[in-house]
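For reference, the structure discussed in these notes is given below.
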Amino acid sequence: MTDTAVRVSGLTKKFGAFTAIDDVSFTVERNKIYGLLGRNGAGKTTLMQLLTGQQFATSGTLEVFGASPVENARVLQSLCFIKESQKYPDSFRPEHVLTSAPWFFANWDAALAARLVDDFRLPLMRPIKKLSRGQLSAVGVIVGLASRAPLTFFDEPYLGLDAVARQIFYDRLLEDYVEHPRTIILSTHLIDEVSNLLEHVLVIDEGRILMDQDAEQLRGSASTVVGKRTDVDAFVAGRDIISRDGIGGLASVTVTGLSQAERAAARAAGLELSPVSLQQLIVQRTTSITQEAETKTDAWSASA
Amino acid sequence: MTATDFLTGTAPSVHPRSAPERIWNVVRLHLVDRRTYIGIPWLIVGMAFVVTIFIAQIVGFTTGGLGTPDAIEGQRYSWAVLSPQWYLAIVGVQAISFGFPLALGFGVTRRDFYLGTALLFVLISAGNALAFAVLTQLEQVTEGWWIDTYMFNALWLGLDGFWVDLFSFFVMQLLVFFIGASIATIYMRWRMPGMLVFWSALAVGLVGTVTIITFTSSWPAVGQWYGAQGIAGIFAWLLVPAAVAGFGGFLALRRATPKN
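Taken in sequence, the protein lines are chains A and B.
Just so we're aligned, residue 0 is where the first sequence starts under numbering that gives the first Met the number 0, counting upward by one.
Just so we're aligned, residue 0 is where the second sequence starts under numbering that gives the first Met the number 0, counting upward by one.
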């Protein structure tokens with residue numbers, strides 16, 4: 000067995016004239032937590048549906064645990080896909096979901112499921128149709144965690160969950176992941192909230208992979224330089240600038256890759272350096288792409 | 000591997016389940032809420048029976064006394080015995096429209112899902128056929144539950160004996176499930192365009208058949224053929240649309256995708 004859970008190469012998915020996934024290639028290593036990040040309509044859900052065999056690829060190859068997931072019982076038994084829009088039969092109650100889930104997930108942990116039901120205060124006997132949005136999300140989160148599937152997908156699983164419930168989700172995810180390592184792919188908008196969970200980041204925009212990077216590296220890959228406009232301009236001249244902001248005589252510029260020596264030089268020049276959060280970084284990258292030519296992307300990946 | 004390994008180990012990979020196990024789990028998934036296939040249909044039968052008791056009294060009053068051949072014949076036109084079928088057709092639709100996205104979310108293949116769903120339909124149809132055929136017999140033996148009220152001994156049931164009742168009800172039930180399921184499957188595969196094509200084609204097909212029969216003055220021949228088949232024969236022919244819906248649904252679902 001290799002250490003690769005997912006291997007995607009030249010993957011394209013078209014819906015009529017619309018290209019949802021555009022010639023995408025990447026790999027996912029086993030036993031890591033991946034963040035699949037991107038704006039609405041970027042292709043996150045479609046990509047997850049392709050990886051779980053729910054959609055059919057237009058072209059390209061796609062391997063999950065060494066084989067195509069499409070109609071492959073061996074592969075699909077190792078997957079769990081929790082999506083925000085999951086439909087349940089009209090008459091179902093959460094107890095029906097939690098009773099039947101163990102029949103499909105061989106690693107199911109009933110004790111964990113029971114504990115999560117308490118954590119999220121999920122009313123087991125209330126019809127699913129009458130659950131609040133947050134309670135409905137809790138059903139998915141419980142199944143996703145308790146299934147302990149070797150490859151688990153969470154597609155924006157937090158919709159309607161309050162801050163406390165989201166924190167519980169992140170905490171339980173991390174706790175259980177440490178005890179039972181597995182591959183988790185989490186798509187989310189709330190990048191800062193999950194920033195500490197993620198070990199690897201995939202950013203997708205308009206069906207293309209924009210970033211495919213180790214989260215730790217990414218976090219250290221950019222800094223914001225703040226100070227007097229003239230000083231800042233002098234310091235950042237010739238560097239790869241991600242974004243620029245300023246008021247009056249002050250400027251704040253985010254640049255990539257500063258070495259220790261360069262940091263020291265900046266401080267010596269009276270400039271303030273602050274780290275850039277994952278969210279800021281990704282927002283800046285995805286907006287700059289829409290504003291500017293794509294040539295900068297190459298500079299970005301080259302420096303990474 | 001010991002039991003404790005299974006419970007506490009990191010389980011590098013899932014223990015794969017065999018195909019029969021996977022298909023049976025789909026059957027269990029459909030039945031996890033017992034009300035859908037068993038509770039509500041029999042509740043409807045119970046309600047229909049209560050209504051039938053009242054109707055029987057009315058029929059008895061107007062025909063001059065219950066238990067007369069006229070009254071028994073009059074009750075034969077009651078559709079009460081088929082009262083759960085409308086609900087079960089919807090259940091057939093929902094088996095696909097709700098069951099398919101749920102099963103795919105649980106990592107079930109389309110093939111296993113369809114085979115499990117078809118097996119469920121066969122089992123429930125067999126169970127219902129047995130129950131209704133037995134109830135028809137009991138109704139005859141007890142002369143309408145000792146109150147001259149006939150609900151099961153109606154339409155074509157109770158005319159040609161237990162085995163024909165059993166077979167005909169089984170085919171009818173299977174047809175109801177598979178028609179509901181295949182319509183839902185067409186929607187699952189082709190969405191709204193599929194529905195438009197299907198319903199227009201069906202309407203044109205029916206009107207076309209009627210037109211051809213009328214223009215060739217074949218109605219007497221059709222009536223004769225129909226009469227010659229007998230109850231068992233007619234229901235044997237109904238196996239054809241049931242099989243078409245069943246196999247067609249399988250082919251359509253193999254490439255279907257759940258709605259977002």
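In this text, a Cβ means the ideal position worked out from N, Cα and C, and glycines have one as well.
For residue j and residue i, the rounded distance between their alpha carbons
i	j	result
V23/A	I203/A	9 Å
V142/A	V196/B	38 Å
S58/A	T11/A	5 Å
L35/A	A255/B	25 Å
V203/B	Y113/B	29 Å
R16/B	D211/A	35 Å
T60/A	I32/A	23 Å
H14/B	S273/A	49 Å
L277/A	G247/B	50 Å
A41/A	S194/A	19 Å
L42/B	T182/A	47 Å
G248/A	V224/A	14 Å
A94/B	T116/B	7 Å
A66/A	D213/A	25 Å
I246/A	G256/A	25 Å
M171/B	L205/B	20 Å
T51/A	R6/A	13 Å
L49/A	S217/B	54 Å
E142/B	A242/B	37 Å
S84/A	T44/A	10 Å
Beta carbon proximity, residue i to chain B, threshold 8 Å
i	result
S194/A	no
W102/A	yes
Q85/A	yes
A72/A	yes
F153/A	no
Q134/A	no
Boundaries of the alpha helix (DSSP H) in which residue i is found, first to last residue
i	result
V133/B	109-140
Y86/B	82-96
S286/B	Here chain B has residues from 0 to 259 only, and residue 286/B is not among them.
A4/A	Taken as a continuous stretch (DSSP letters only), A4/A belongs to no alpha helix (DSSP H), being part of the beta strand (DSSP E) at 3-14.
Q76/A	Here Q76/A belongs to no alpha helix (DSSP H), and DSSP marks it neither H nor E.
I37/B	No alpha helix (DSSP H) holds I37/B; DSSP gives it neither H nor E.
S136/A	132-145
L247/A	According to the sequence provided, residue 247/A is Gly. The question's Leu does not apply to it. Premise fails: G247/A is in no alpha helix (DSSP H) and is neither H nor E.
E72/B	68-74
S99/A	93-103
E308/A	This structure leaves residue 308/A out entirely; chain A is present only between 0 and 303.
G237/A	It is not in any alpha helix (DSSP H) - G237/A carries neither H nor E in the DSSP assignment.
Pair within 8 Å by beta-carbon distance, residue i and residue j
i	j	result
H188/A	D32/B	no
G133/A	P156/A	no
G91/B	I178/B	yes
A19/A	G206/A	yes
V282/A	V254/A	no
F151/B	V80/B	yes
L111/A	D161/A	no
D111/B	A72/A	yes
P180/A	S77/A	no
V231/A	A260/A	no
L121/A	A137/A	yes
K86/A	L101/B	yes
V121/B	L173/B	yes
I71/B	Y186/B	no
L119/B	P257/B	no
R109/B	R253/B	yes
S186/A	M47/A	yes
A4/A	F64/A	yes
Proximity test, Cβ basis, 8 Å: residue i and chain A
i	result
L103/B	yes
P192/B	no
T184/B	no
P40/B	no
G115/B	no
P100/B	yes
V26/B	no
P257/B	yes
R21/B	yes
Where residue i meets chain E, residues with beta-carbon distance less than 8 Å
i	result
D89/A	Structure shown: chain E not included; protein chains present are A and B.
N-terminal and C-terminal residue of the beta strand (DSSP E) that residue i is part of
i	result
K43/A	Counting along the chain, K43/A falls outside any beta strand (DSSP E), though it belongs to the alpha helix (DSSP H) covering 43-50.
Y33/A	32-36
F17/A	17-28
D108/A	Premise fails: D108/A is in no beta strand (DSSP E) and is neither H nor E.
Any non-hydrogen atom of the ligand COA within 7 Å of residue i CB
i	result
S242/A	With respect to small molecules bound, the structure shown includes none, and the ligand COA cannot be examined in it.
Task: Contact the segment 23-35 of chain A vs the segment 265-273 of chain A: 3+ CB pairs below 8 Å - done: no
Open item on the list: Pairs of beta-carbons, one from the segment 153-162 of chain B and one from the segment 228-244 of chain B, closer than 8 Å: are there three or more?
Closed with: Yes: the two stretches touch, three or more of their Cβ pairs being nearer than 8 Å.
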